[in-house]
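Visitor:
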Amino acid sequence: MWKKTNLFYLGCLWEVVRLFFLFSLVALLSNPGGRVLYTLYFLWLDAPLLVIPLLFFLSAFQPERIPNFRPILLFGKVLELIPLGILLVFFYILPAGGVDKSLRGGIAVPLTIGWIDFLFLLFLLFYSHQQEP
64 MWKKTNLFYL GCLWEVVRLF FLFSLVALLS NPGGRVLYTL YFLWLDAPLL VIPLLFFLSA
124 FQPERIPNFR PILLFGKVLE LIPLGILLVF FYILPAGGVD KSLRGGIAVP LTIGWIDFLF
184 LLFLLFYSHQ QEP
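Structure (C-alpha cells):
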C-alpha cells in the first residue's frame, strides 16, 4: 500500500540524482581537462548538499521525527530554488542581459529541475503529519 512517507523516499532519491547531475554538469563545464584535484574540490563543495537527501531519508525512516526535520527541509528546498530564480531573472526579465537568444532554450533542464524541486517544496509545506497504519 502506498503511504505518504514514500514521497520522502522519492525525495531522497530525487535529491541524490539532482546532486549527481548538477555535479557532473558543473565538473564537465568548468573542468574539461578532467583534473582530479578540481573534481575532488567540486565534491568537497557539493558535500553539504547531501544533508537534504539524508533528511528526506530519515523523515521516511522515522516518521515520528518529521516535525523536527520539516523546517530544515523547507529551508533547504527554498535555498535550492534561489539559483533558479536568478536564472529566470537573468534569462527572461532583464532586457537582453547579455544573453544570446539562442541560449534561452538551454534553460529547459534547470527549469525542469526547479519545477520538481518546487513540487517537493509544496509537498513539504502542505504535509500534515499523522500516524499512518
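Remember, the working numbering sits 63 above the position in the sequence shown when you count from 1.
Don't be surprised by glycine CBs; every beta carbon is placed ideally from N, CA and C.
Under the rule that 16 or more other beta-carbon atoms within 10 Å means buried, what is Ala110, buried or exposed?
Guide: Exposed, by the Cβ-count rule.
Visitor: Mind checking whether Phe120 and Phe71 have CB atoms under 9 angstroms apart?
Guide: Going by C-beta atoms, Phe120 is nearer than 9 angstroms to Phe71.
Visitor: For the alpha helix (DSSP H) containing Lys140, name the first residue and the last one.
Guide: Element bounds for Lys140: 129-151.
Visitor: Tell me where the alpha helix (DSSP H) around Arg98 begins and ends.
Guide: No alpha helix (DSSP H) holds Arg98; DSSP gives it neither H nor E.
Visitor: With DSSP collapsed to three states, give me the class of Ser87.
Guide: Three-state result, Ser87: helix.
Visitor: Taking just the CA atoms, how far does Leu118 sit from Phe138?
Guide: Their backbone Cα atoms lie some 12 angstroms apart in a straight line.
Visitor: Taking only beta-carbon positions, decide if Phe181 is within less than 9 angstroms of chain D.
Guide: Given the protein chain composition of this structure (a single chain), no chain D is represented.
Visitor: Where does Ala110 sit, in a helix, a strand or coil, going by DSSP?
Guide: Helix, per DSSP.
Visitor: Assign Lys197 to one of two classes, buried (16 or more other C-beta atoms within 10 Å of its C-beta) or exposed (fewer than that).
Guide: Residue 197 lies beyond the stretch modelled for the chain, which goes from 64 to 196, so this question has no answer here.
Visitor: Does the Cβ-Cβ distance between Asp199 and Glu127 come in under 9 angstroms?
Guide: No statement about residue 199 is possible, as the shown extent of the chain runs from 64 to 196 and does not include it.
Visitor: For Ile170, which residues of its own chain have a beta-carbon under 6 angstroms away from its beta-carbon, when the five flanking residues on both sides are left out?
Guide: Phe154
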